[in-house]
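Engineer: Let me give you the structure first, and then I'll get to my questions.
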Amino acid sequence: MAHDIPESGPGVEHHWGYYNRQLPCTSDAGKCAYLDTVYHSHDLSILYSAILWAVVLGIVILCFIAHYCNPISRRSTPCVQKEDVRKHNSQSGLYRLRRSLSALYHRYLLQESLHPIFGRTTRFNVLVLAILAGYLIIFSFVGIVYQTWYSPVPGTSLRSTRVGLGPWADRIGVLAYALTPLAVLLCTRESLLSLCTGIPYHHFNFLHRWLGYIIYVQSALHTLGWTIVEGKLYQPQPETWNPFVAQEYIIWGIVAMIFLSFLVFFSTTWAIRLTGYEFFRKTHYVVAMLYVGACWGHWAQLSCWMIASLVVWLLDRGTRLLRMFLTHFGPQPDTSSWGLHIPKARLTCFPNAEDGDVVRLDFDHAHSPWEIGQHFYLCFPSLSIWQSHPMTPCSVPGGSTQSHTYIIRAKQGITKDLARQAPTPTPIVLSGPYGQPTVDNDLHCTDDINLFCLAAGTGITFILPLLQAIVLTRFFPSRRSLVELVWIIRRTSDMQWLAPELHALRSAAQSCPHFHIHIYITREGPANIDPFIPDSEPQFTIHPSPPNIPSHLTDFIHRTPPNPTRVLASGPQSLISSLRTTIASLNDPTQVWRGNERRDVSLFHDER
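Numbering (full-length UniProt numbering), first residue to last: 1 to 608.
Shown next as structure tokens:
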């Protein structure tokens with residue numbers, strides 16, 4: 001057996017990630033030629049895995065440079081100089097190239113394609129997946145010797161048949177191992193990829209899911225290939241198959257395949273709907289690491305990939321717990337002593353038998369401010385310590401004590417129990433913040449960006465903090481770029497969720513002619529407008545019908561100054577899909593290169 005070969009000595013040839021080989025080969029000519037092919041193919045497999053990771057790390061480094069070393073970033077420029085900076089930058093070839101590439105991306109790669117297969121994701125995600133799949137398909141076959149070798153079985157008239165199926169099965173197995181750390185990286189909340197690239201962690205969910213499918217297909221083909229080789233091509237049978245399948249590393253391979261099958265099948269939509277999201281989430285964490293351990297037991301020579309996967313997973317869990325602890329550790333309120341502080345939230349319930357109750361949650365907590373657009377995971381220990389929900393605060397961060405406000409639709413489970421608990425104060429455990437700022441940190445004080453904000457229902461929590469930051473600056477009354485809010489709600493009573501904030505925005509609209517608020521009521525007529533909202537005015541209008549978003553956005557672009565436009569949106573997936581199509585049609589990279597920045601329209605939306 002190959003694993004009985006010593007670590008060193010005369011004729012011992014080392015192969016990283018595989019058994020050592022003893023040379024010269026003393027078997028029959030067919031087996032020796034086949035072994036030459038097996039070891040050469042394995043060495044190529046290791047090389048192709050290294051190339052794959054070199055490309056991945058190279059892309060991450062380029063994204064890091066683009067994110068942190070942007071030579072034309074406006075972040076360090078004082079607000080009062082923004083307009084002058086834009087005019088200066090617009091004459092720069094580098095600036096125009098960057099803007100043109102942005103318009104090119106939004107024109108051709110923002111839309112959705114092959115929706116029945118990939119769901120509501122962009123062409124860019126599909127393109128990245130296609131490139132990765134193309135690489136794997138090509139290099140799963142390159143370097144495989146397509147030939148047949150025969151070896152006589154001593155004492156019988158039988159012959160063992162050896163073909164390129166064995167080396168090919170090994171090839172896709174090696175690639176599946178190499179992809180495992182990447183799959184783990186793509187699903188972590190404390191994401192190293194997000195830290196390096198600035199891309200929010202939840203934007204990697206699509207690639208994580210499809211990479212899992214790829215690993216599953218590779219593993220299944222690897223298993224099928226060696227089943228055919230050991231159970232059919234090698235002779236005699238079943239004398240060859242029975243001792244093969246009884247080996248410890250084969251048993252671990254079967255266990256790993258069972259774990260991987262569980263991960264794939266219980267992550268499908270129908271399985272999550274049947275068993276519940278919390279079952280999926282918790283079992284996914286545990287079974288994924290059991291799968292990694294089983295892979296380690298199956299082929300310890302490539303344990304480096306499994307160790308890397310475990311390290312990434314443990315770093316994610318450890319960092320998450322540490323950040324949660326630090327968020328709640330500090331001086332106790334109204335005392336000088338230090339310790340853990342769990343804030344209690346004030347609950348306000350807005351009952352609605354037809355559409356479901358909505359809960360407003362307010363509390364103050366002393367910790368570092370977050371960036372606008374980031375979100376927290378909220379745990380309600382009085383209801384369950386095993387569940388936490390991602391929620392975006394609709395308040396503006398700042399100071400040493402942060403004011404948190406959340407609007408939560410109570411559908412079922414924990415959120416439904418939370419609505420029943422109102423108005424009793426409830427303790428809150430925070431984890432976060434997570435995600436990246438939705439826009440540049442200085443957007444609230446720049447005058448060279450037009451802003452179109454679209455929210456449906458409780459999605460207003462994603463939009464409101466930025467609008468509040470904009471209207472609170474001393475530059476806002478003299479603003480020249482357009483800002484427009486479109487909020488789609490079912491009933492006029494829904495405006496009570498954020499009555500104080502809505503009043504503040506309405507007052508701001510009265511002081512700035514370039515700020516408009518449009519509220520669309522989809523299930524009631526204008527006669528039911530709540531008394532706290534006066535009659536509509538030019539800057540603040542209420543519409544008793546659903547909006548035509550493509551037409552509304554197109555009209556907004558035509559009315560804007562010739563500056564770039566950023567669209568912030570939060571709502572159902574169908575709304576985001578419609579926005580992607582409209583924004584793609586509005587972008588024109590050739591016009592942007594010529595200086596018409598009105599045709600540079602970008603989208604930022606809440607994907608959680």
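All residues carry an ideal CB built from backbone N, CA and C; glycine is no exception.
Since we're looking at a predicted model, the values are computed, not measured.
1. With Asp43 as the anchor, note down where its alpha helix (DSSP H) starts and where it stops.
2. Do Leu418 and Phe380 have their beta-carbon atoms positioned less than 8 Å apart in this structure?
3. Any idea what DSSP makes of His14, helix, strand or coil?
4. Is the segment 218-234 touching the segment 249-268 in the sense that three or more CB pairs, one from each, lie closer than 8 Å?
5. Should Ala178 and Trp296 be called a contact, given that it needs their Cβ atoms to be closer than 8 Å?
6. Tell me which residue opens and which closes the alpha helix (DSSP H) that Met324 is part of.
7. Closer than 8 Å by C-beta to Ala584: which residues in its own chain qualify, once you throw out the five before and the five after it? Chain order, please.
8. Express the C-alpha separation of Pro589 and Asn596 in angstroms, rounding to a whole number.
9. Would you grab the beta carbon distance between Phe515 and Val486 for me? Rounded to a whole angstrom, and I think it's under 8 Å.
10. Rounded to a whole number of angstroms, what is the C-alpha to C-alpha distance between Arg598 and His42?
11. Check the C-beta distance from Thr522 over to Arg490 and give it rounded, since I have them as a contact under 8 Å.
12. Measure from the alpha carbon of Leu260 to the alpha carbon of each residue in Ser578, Val217, Leu57, then state which is nearest.
13. Any chance the segment 162-178 sits against the segment 112-129, with 3 or more Cβ pairs inside 8 Å?
14. Does the Cβ-Cβ distance between Ser431 and Ser403 come in under 8 Å?
15. Mapping the DSSP letters down to three states, classify Lys411 as helix, strand or coil.
16. Have a look at the DSSP bridge pairing and note the partners of Asn450.
17. For Leu186, which residues from the same chain have a beta carbon less than 6 Å from its beta carbon, with the 5 sequence-adjacent residues on both sides left out?
18. Quick one: measure Cβ to Cβ for Thr180 and Trp305, integer angstroms, because I've assumed they're closer than 8 Å.
19. Quick one, which of Asn242, Leu57, Arg580 has its alpha-carbon nearest Arg566's?
20. What separation, rounded to the nearest whole angstrom, lies between the Cα atoms of Pro116 and Tyr234?
21. Could you check where the beta strand (DSSP E) with residue 660 kicks off and where it finishes?
22. Within 10 angstroms of its Cβ, does Val12 collect 16 or more other Cβ (buried), or is it exposed?
23. Quick check on the DSSP output: the alpha helix (DSSP H) that includes Phe515 runs from which residue to which?
24. Do you know offhand how far Ser493's Cα is from Leu553's?
25. Leaving out the 5 sequence neighbours to the left and right, which residues in its chain are closer than 8 Å to Phe280 when beta-carbon positions are compared?
26. Does Phe259 come out as helix, strand or coil in the three-state DSSP assignment?
27. Run through DSSP, which three-state label would Arg594 get?
28. Using DSSP bridges, identify the partner residues of Lys344.
29. Under a Cβ-count criterion, where at least 16 other Cβ atoms within 10 Å of its own Cβ denotes burial, should Trp149 be classed as buried or exposed?
30. Give me the Cα-Cα distance between Ser551 and Phe452, rounded to the nearest whole angstrom.
31. Can you list, in chain order, the residues of its chain with a C-beta nearer than 7 Å to that of Leu23? Leave out the 5 residues immediately preceding and following it.
32. Under the three-state reduction of DSSP, which class applies to Phe470: helix, strand or coil?
33. If you draw a straight line from the alpha carbon of Tyr277 to that of Gln412, how long is it in whole angstroms?
34. Would Phe476 pass as an interface residue toward chain B - the criterion being a Cβ-Cβ separation below 8 Å?
35. Enumerate in chain order the residues of its own chain whose CB-to-CB distance from Ile199 is below 8 Å, with the five nearest sequence positions on each side excluded.
36. Please name the residue in His284, Ala33, Pro243 whose C-alpha comes closest to that of Tyr146.
Structural biologist: Once the coordinates are examined:
1. 29-68
2. yes
3. coil
4. yes
5. no
6. 303-328
7. His106, Arg107, Tyr108, Leu110, Gln111
8. 9 Å
9. Not confirmed; about 13 Å, so no contact.
10. 54 Å
11. 5 Å
12. Of Ser578, Val217, Leu57, the residue nearest in Cα terms is Val217.
13. no
14. no
15. coil
16. According to DSSP, Asn450 bridges with Thr565.
17. Phe204, Leu207, His208
18. 5 Å
19. Among Asn242, Leu57, Arg580, the Cα nearest to that of Arg566 is on Arg580.
20. 43 Å
21. An answer regarding residue 660 cannot be provided, because it is not within the stretch 1 to 608 covered by the chain.
22. By the neighbour-count criterion, in which a residue is buried when 16 or more other Cβ atoms sit within 10 angstroms of its Cβ, Val12 is exposed.
23. No alpha helix (DSSP H) holds Phe515; the beta strand (DSSP E) holding it covers 515-521.
24. 26 Å
25. Phe266, Ser267, Ala271, Ile272
26. helix
27. coil
28. DSSP output for Lys344 lists Pro427 as bridge partner(s).
29. Buried, since its Cβ has 16 or more Cβ neighbours within 10 Å.
30. 13 Å
31. Gly11, Glu13
32. One point to set straight first is that residue 470 is Ile, not Phe, in the sequence displayed. It is helical.
33. 12 Å
34. Protein chain content of the structure displayed is limited to a single chain, and chain B is not contained in it.
35. For Ile199, where only same-chain residues beyond five positions count, the Cβ hits under 8 Å are Cys63, Leu193, Gln436.
36. Ala33
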